[in-house]
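Asks:
Number of protein chains: 2
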Amino acid sequence: MALSRLNTFTTKSSLFRQLPQNAKCLSNLILGEPSGPSVKTPIPGPKSKEMISELNTIQFANTVIYFTDYNKSIGNYIVDVDGNVLLDVYTQISSLPLGYNHPDLLKVLQDPDNQRTFINRPSLGLFPGQGWPQKLTSSLLSVAPKGHSQVTTMACGSCSNENAFKAAFMWYRNKQRGGAPITEEENTSCMMNVAPGSTPFTIMSFKGGFHGRTIGVLSTTHSKAIHKLDIPALDWPIASFPRYKYPLEEFAEENKAEDRKCLAEVEEEFERFNKSGRYVAGVVIEPVQAEGGDNHASPEFFQELQRITKKVPVFWFCSKNCNCRFNSVPFFLKKKKQNGAALIIDEVQTGGGATGKYWCHEHFHLPEPADFVTFSKKMLTGGYYSLPEFRPQQGYRIFNTWMGEPSKVLLLDKVIEVIKRDNLLSIVQASGKKLMDGLMDMSKRYPQHVKNVRGIGTFCAFDSSSAEKRDEIVAKLKEKGIQSGGCGDLSLRIRPALVFQPYHADIFLEKFEKVLKKIKTV
Amino acid sequence: MALSRLNTFTTKSSLFRQLPQNAKCLSNLILGEPSGPSVKTPIPGPKSKEMISELNTIQFANTVIYFTDYNKSIGNYIVDVDGNVLLDVYTQISSLPLGYNHPDLLKVLQDPDNQRTFINRPSLGLFPGQGWPQKLTSSLLSVAPKGHSQVTTMACGSCSNENAFKAAFMWYRNKQRGGAPITEEENTSCMMNVAPGSTPFTIMSFKGGFHGRTIGVLSTTHSKAIHKLDIPALDWPIASFPRYKYPLEEFAEENKAEDRKCLAEVEEEFERFNKSGRYVAGVVIEPVQAEGGDNHASPEFFQELQRITKKVPVFWFCSKNCNCRFNSVPFFLKKKKQNGAALIIDEVQTGGGATGKYWCHEHFHLPEPADFVTFSKKMLTGGYYSLPEFRPQQGYRIFNTWMGEPSKVLLLDKVIEVIKRDNLLSIVQASGKKLMDGLMDMSKRYPQHVKNVRGIGTFCAFDSSSAEKRDEIVAKLKEKGIQSGGCGDLSLRIRPALVFQPYHADIFLEKFEKVLKKIKTV
Chain A
0 MALSRLNTFT
10 TKSSLFRQLP
20 QNAKCLSNLI
30 LGEPSGPSVK
40 TPIPGPKSKE
50 MISELNTIQF
60 ANTVIYFTDY
70 NKSIGNYIVD
80 VDGNVLLDVY
90 TQISSLPLGY
100 NHPDLLKVLQ
110 DPDNQRTFIN
120 RPSLGLFPGQ
130 GWPQKLTSSL
140 LSVAPKGHSQ
150 VTTMACGSCS
160 NENAFKAAFM
170 WYRNKQRGGA
180 PITEEENTSC
190 MMNVAPGSTP
200 FTIMSFKGGF
210 HGRTIGVLST
220 THSKAIHKLD
230 IPALDWPIAS
240 FPRYKYPLEE
250 FAEENKAEDR
260 KCLAEVEEEF
270 ERFNKSGRYV
280 AGVVIEPVQA
290 EGGDNHASPE
300 FFQELQRITK
310 KVPVFWFCSK
320 NCNCRFNSVP
330 FFLKKKKQNG
340 AALIIDEVQT
350 GGGATGKYWC
360 HEHFHLPEPA
370 DFVTFSKKML
380 TGGYYSLPEF
390 RPQQGYRIFN
400 TWMGEPSKVL
410 LLDKVIEVIK
420 RDNLLSIVQA
430 SGKKLMDGLM
440 DMSKRYPQHV
450 KNVRGIGTFC
460 AFDSSSAEKR
470 DEIVAKLKEK
480 GIQSGGCGDL
490 SLRIRPALVF
500 QPYHADIFLE
510 KFEKVLKKIK
520 TV
Chain B
0 MALSRLNTFT
10 TKSSLFRQLP
20 QNAKCLSNLI
30 LGEPSGPSVK
40 TPIPGPKSKE
50 MISELNTIQF
60 ANTVIYFTDY
70 NKSIGNYIVD
80 VDGNVLLDVY
90 TQISSLPLGY
100 NHPDLLKVLQ
110 DPDNQRTFIN
120 RPSLGLFPGQ
130 GWPQKLTSSL
140 LSVAPKGHSQ
150 VTTMACGSCS
160 NENAFKAAFM
170 WYRNKQRGGA
180 PITEEENTSC
190 MMNVAPGSTP
200 FTIMSFKGGF
210 HGRTIGVLST
220 THSKAIHKLD
230 IPALDWPIAS
240 FPRYKYPLEE
250 FAEENKAEDR
260 KCLAEVEEEF
270 ERFNKSGRYV
280 AGVVIEPVQA
290 EGGDNHASPE
300 FFQELQRITK
310 KVPVFWFCSK
320 NCNCRFNSVP
330 FFLKKKKQNG
340 AALIIDEVQT
350 GGGATGKYWC
360 HEHFHLPEPA
370 DFVTFSKKML
380 TGGYYSLPEF
390 RPQQGYRIFN
400 TWMGEPSKVL
410 LLDKVIEVIK
420 RDNLLSIVQA
430 SGKKLMDGLM
440 DMSKRYPQHV
450 KNVRGIGTFC
460 AFDSSSAEKR
470 DEIVAKLKEK
480 GIQSGGCGDL
490 SLRIRPALVF
500 QPYHADIFLE
510 KFEKVLKKIK
520 TV
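If you read the protein sequences in the order shown, they are chains A and B. When you line the first sequence up against numbering that gives the first Met the number 0, it's residues 0 to 521, in that order. When you line the second sequence up against numbering that gives the first Met the number 0, it's residues 0 to 521, in that order.
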């Protein structure tokens, strides 16, 4: 299977191991990986069903797809408790960089010194362990987006975005203070959630975006109603994210107009909110809106967005003794103009290599580094890169008990070493090309089911004709031994690990076509 | 040292090991634990200082106390990179249940099957691993507060509280809907952060409380201004938490009046917010306000608070076709009365055994189980227990990529086994008595520096005369080899691990008295 592609990727890298003489399947390049999926039972199978019932007595368990045997899962293959073996192109919602049970990660765990890292979780803001700066340097900073030298670790994606927002608010207020000290009134009022200590600042987000589920970032999430329903939300600015027509080359003009329309909205929202005193301290955006349906926007859109965030004029009345909303003491007017809001690029799902670069926004060639780049998922640790001007000015402002976890960075360190050693970003590019070529081909041959094919690296997706058809395709793929996932209203997203090779793409495409042949048109 | 106390706690438990024949210090009961602290350099020492500078090039590092050698730290002793050995009664902001490098936890890491749990992090809401319900049962559910059978795991304390709030909002809105289905208008409006889909609901919190640092829970945190300054906040109800006069027996009447005053405020806030349509869906409270200064309240206060949350009358206009703020379709009035808001007990710092029970609120003998009990820190995993009526009605509402982490529950499982096997809760009670007796004694002999001694189990604190004096005591304790921590404006909190034994309390008290003798009075 796909043997003709083998040579292209046969390098000296240790990913490609010599096969045992008695290997039955020659396409097995990761030691122990099966040659392909095998499905024995309906999914979920009887054992999974029983376990789902058990779990359901303890917590809501109706979202569980199946129970997994993590001892048997290997590489790109997830094995369920009923013995079904599936090629996993969803990888725990895009969060496994090297697939299952990668031997190099197992070795990290087998080292007795490392084992202690997993049981002595420090409060990193107070008592970091020996070697921590070096570990940050060899892992996170070694793959930092260009221009970034500062990194802060957190536990998860939501927390990373929440703290990036907080750092942006502090930075914005500091600019507004213009060097004036923090007042007693600010200190006392913030304790009761009111001005001037609590600010009326806002973060702009985009329709279709997803930035997490805690209440602050949930206010910037606009992907699916079920995530937000019944939860109080902050009334912050929301602009439109481009929705392109495909194929891109055919609709170049329409899509450019779409960019302009969305950017105009951004400027309008800036003006509307800044004029009302609800200053926009930051703009948060994903390089590709993943959860919201794999919505892509052009490099030009992102470049122009950055220009807008940097140039946006803000007028405020502010001095130690002004009468602005932050200070009610004697009248002393000082009109100031300062530019700019923070650009927060959320790479929680796009980061870590799946687009063929460590960071998806590197494809956009932004004129300047983004102010914040947040991450989690494939990076194993949450956190964010930020420019030096966003460092907190006082202690305990960007802080929590754990501030991430050294054991995650220890694993990430090895992941990055393997990515570099095994040239996994090149493999992602090659596998991505194969996936995209295959999907484009399908979209021509099955245009009723495969529309709007789009992708960068292996970060690919297409639209089906309806949510129901999409769900049917996901379900039928599972029957054929492919674990995929939906996103947005009618998209199917492909999110393999970085060890997904071109021949895995062949397996996927072969099964996919079998499914497409069986799907009825409307 | 403290050998006379030894027999009381010499049981057959494996915590108490046979000392090697050549053991130099007889007080060493945990294998490898030193006999006492030893300080060689100023703290931070030269190596720590160098590392702090290094870290400071990467991130704000001015909060770091010293760099720690986690390979050498053992039991109750933290060892820094300069070789200083400190008795740790702060334990990574109260988050280490069994101290450093507990041999039973190391064994968990050495088991090859367990090692895989640390490198295959699942999306627990979709693909839990084999044995996950059993693991939840043997760990979290085996120590669940009475009446609780439901548990949801999360990554950290903030996230646990955020999700408890969300579950409370959904429950409240469901009650308000009275069985009516979710409308299309709700689904579309919530995507833009507006009513009726986004609710105007609120969570009541208490002055001095701490419930985390993400923007939702930060709105319920009122411990220190620096945590909240410049961050937008939700204008939610805030009531006063009792502030008692000590000694309690002397001020019984005043303190009862304080309870009544605070409870009256709770009722007033309920009325004020419910009348304005900003319904109070939940009340969040710590059994002891830890970060805010170790503020205790009586069992009667908590009992009455629960009665209020259960009885609070709520009138609303609601039906499928009413004209309430949630629905603007034709006029059809239906006045409903329903009782109750959710009581969310935040045991992030108090939970896990330090009070001599698994859950501090078990000391209060509440008439009914709390609606939510949230946890993190010593429980290693975040999460919450909740009554069955708070289960989400649909999937993906209480959800995120990881939903906690099996490796944390694996470690917790062992921690709980050790707590039970070694009777650690009895040891906490005994050590707590020793600590409290000692602190009370100090408060009589050094009344200018040790005031308002209070505690449950080893969860103890006292006030100093000022923030400066408190900081001076913390600093001088460190010079004597004791790592403690401040809280609130002028309190010092003691937060040892569960393996802190009465003779450790003796060591602490001996060093503490030496410090007190040196502190000048104003």
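Just so it is clear, CB atoms sit at the ideal spot from N, CA and C, and this is done for glycine as well. The structure presented is a predicted model; accordingly, all values stated were derived computationally and were not measured.
Using only CA atoms, which one of B:D440, B:S239 and B:S52 lies nearest to A296 (chain B)?
Replies: Selected option, being the one with the closest Cα: B:S239.
Asks: Name the residue from A:K206, A:S222, A:K223 and A:A232 whose alpha carbon lies nearest to the alpha carbon of S218 (chain B).
Replies: The residue with the shortest Cα to Cα distance from S218 (chain B) is A:A232.
Asks: Kindly give me the distance between the Cβ atoms of C155 (chain A) and A163 (chain B), rounded to whole angstroms, as I take these residues to be in contact under 8 Å.
Replies: The pair is not a contact, with the Cβ atoms about 16 Å apart (cut-off 8 Å).
Asks: Which residues in chain B have a C-beta closer than 7 Å to the C-beta of E285 (chain A)? List them in chain order.
Replies: Result: empty, since nearest Cβ-Cβ is about 14 Å, beyond 7 Å.
Asks: Can you name the residues of chain B whose CB is closer than 7 Å to the CB of V150 (chain A)?
Replies: Near V150 (chain A) (Cβ distances below 7 Å), the residues of chain B are I57 and Q58.
Asks: With respect to the beta strand (DSSP E) encompassing F272 (chain B), which residues constitute its N-terminal and C-terminal limits?
Replies: Looking at the DSSP string, F272 (chain B) is not in any beta strand (DSSP E); the run it does join, the alpha helix (DSSP H), is A251 to K274.
Asks: Give a yes or no on whether the minimum CB-CB distance between I230 (chain B) and chain A is below 7 Å.
Replies: Yes - at least one Cβ of chain A is within 7 Å of the one on I230 (chain B).
Asks: Between the C-alpha atoms of G351 (chain B) and H210 (chain A), what's the straight-line distance to the nearest angstrom?
Replies: Rounded to the nearest angstrom, the two C-alpha atoms are 32 Å apart.
Asks: Is A256 (chain B) close to chain A? Criterion is C-beta to C-beta, closer than 7 Å.
Replies: Not closer than 7 Å to any Cβ of chain A, the Cβ of A256 (chain B) fails to qualify, so no.
Asks: Does any CB atom of chain B fall closer than 7 Å to the CB of E248 (chain A)?
Replies: Not an interface residue.
Asks: Compare the beta carbon distance of V427 (chain B) and G456 (chain B) with 7 Å and say whether it is the shorter of the two.
Replies: A contact, by the Cβ cut-off of 7 Å.
Asks: Rounded C-beta distance between T354 (chain A) and H362 (chain A)? I'm assuming under 8 Å.
Replies: At roughly 7 Å, the Cβ-Cβ gap stays under 8 Å, so T354 (chain A) and H362 (chain A) are in contact.
Asks: Is D412 (chain A) buried or exposed, if buried means 16 or more other CB atoms sit within 10 Å of its CB?
Replies: By the neighbour-count rule (16 or more Cβ atoms within 10 Å), D412 (chain A) is buried.
Asks: On the three-state DSSP scale, how would you describe D87 (chain B)?
Replies: It is a strand residue.
Asks: Establish whether the CB of H221 (chain A) and some CB of chain B are separated by less than 7 Å.
Replies: Chain B, which has a Cβ nearer than 7 Å to the Cβ of H221 (chain A), makes this yes.
Asks: With 7 Å set as the bound, which would you pick, yes or no: does the beta-carbon of I92 (chain A) sit closer than that to a beta-carbon of chain B?
Replies: Taking Cβ atoms only, chain B reaches closer than 7 Å to I92 (chain A), which makes this a yes.
Asks: Taking its Cβ as the centre, do 16 or more other Cβ atoms sit within 10 Å of S52 (chain B), making it buried, or is it exposed?
Replies: By the 10 Å Cβ count, S52 (chain B) comes out exposed.
Asks: Mapping the DSSP letters down to three states, classify D470 (chain B) as helix, strand or coil.
Replies: In the structure shown, D470 (chain B) sits in a helix (DSSP, three-state: H, G or I).
Asks: Do we get a CB-CB distance below 7 Å when we pair C547 (chain B) with the residues of chain A?
Replies: In the structure displayed, chain B extends from 0 to 521; residue 547 (chain B) sits before or after that span and is not available.
Asks: Whose CA, out of A:F371, A:I284, A:L95 and A:E249, lies closest to the CA of V498 (chain A)?
Replies: That would be A:L95, whose Cα lies nearest to the Cα of V498 (chain A).
Asks: What's the call for V88 (chain A), buried or exposed, on a 16-neighbour Cβ count within 10 Å?
Replies: It is buried - the Cβ of V88 (chain A) has at least 16 other Cβ atoms within 10 Å.
Asks: Could you check whether the Cβ of P391 (chain A) sits closer than 7 Å to any Cβ belonging to chain B?
Replies: Yes - at least one Cβ of chain B is within 7 Å of the one on P391 (chain A).
Asks: Below 8 Å, how does it come out for the segment 419 to 426 of chain A and the segment 70 to 79 of chain A: are there three or more Cβ pairs, yes or no?
Replies: No, because fewer than three Cβ pairs between the segment 419 to 426 of chain A and the segment 70 to 79 of chain A fall closer than 8 Å, the two stretches do not touch.
Asks: Quick one: list the residues of chain B neighbouring T198 (chain A), beta-carbon separation under 8 Å, in chain order.
Replies: Here the neighbours are D229, I230 and P231.
Asks: When DSSP labels each residue in this structure, what does V287 (chain B) get in the three-state scheme?
Replies: Strand at V287 (chain B).
Asks: In three-state DSSP terms, what is T152 (chain B)?
Replies: Note: T152 (chain B) maps to strand in three-state DSSP.
Asks: Taking K450 (chain B) and S442 (chain B) to be in contact with their CB atoms under 8 Å, please state how far apart those CB atoms are, rounded to whole angstroms.
Replies: Contact holds; Cβ gap of about 6 Å.
Asks: Where do the N-terminal and C-terminal ends of the alpha helix (DSSP H) with R306 (chain B) fall, by residue?
Replies: Per DSSP, R306 (chain B) belongs to the alpha helix (DSSP H) from P298 to K310.
Asks: Does any residue of chain B have a CB that is nearer than 7 Å to the CB of C317 (chain A)?
Replies: Bear in mind that the predicted position of C317 (chain A) carries a pLDDT of just 48, short of 50, making it unreliable; the figure below should be weighed with that in mind. By this cut-off, C317 (chain A) is not an interface position.
Asks: Classify F461 (chain B) as helix, strand or coil using the three-state DSSP reduction.
Replies: Three-state DSSP puts F461 (chain B) in a strand.
Asks: For a contact meaning CB atoms closer than 9 Å, what does C486 (chain A) contact in chain B?
Replies: Within 9 Å Cβ-Cβ: nothing; C486 (chain A) doesn't reach chain B, min ~12 Å.
Asks: Does DSSP put F363 (chain A) in a helix, in a strand, or in coil?
Replies: Correct three-state label for F363 (chain A): helix.
Asks: Determine, using beta carbons only, whether A154 (chain B) comes closer than 7 Å to chain A.
Replies: Yes, its Cβ sits closer than 7 Å to a Cβ of chain A.
Asks: Give the residues of chain B in contact with E53 (chain A), contact being defined as C-beta atoms less than 7 Å apart.
Replies: Going along chain B in sequence order, the residues near E53 (chain A) (Cβ under 7 Å) are P132.
Asks: Ordered along the chain, which non-local residues of its own chain (more than five positions away) have a Cβ less than 7 Å from that of S137 (chain B)?
Replies: Cβ within range, chain order: D412.
Asks: Restricting to runs no shorter than 3 residues, where is the beta strand (DSSP E) found entirely within the segment 92 to 121 of chain B?
Replies: List check, beta strand (DSSP E) in window: nothing returned.
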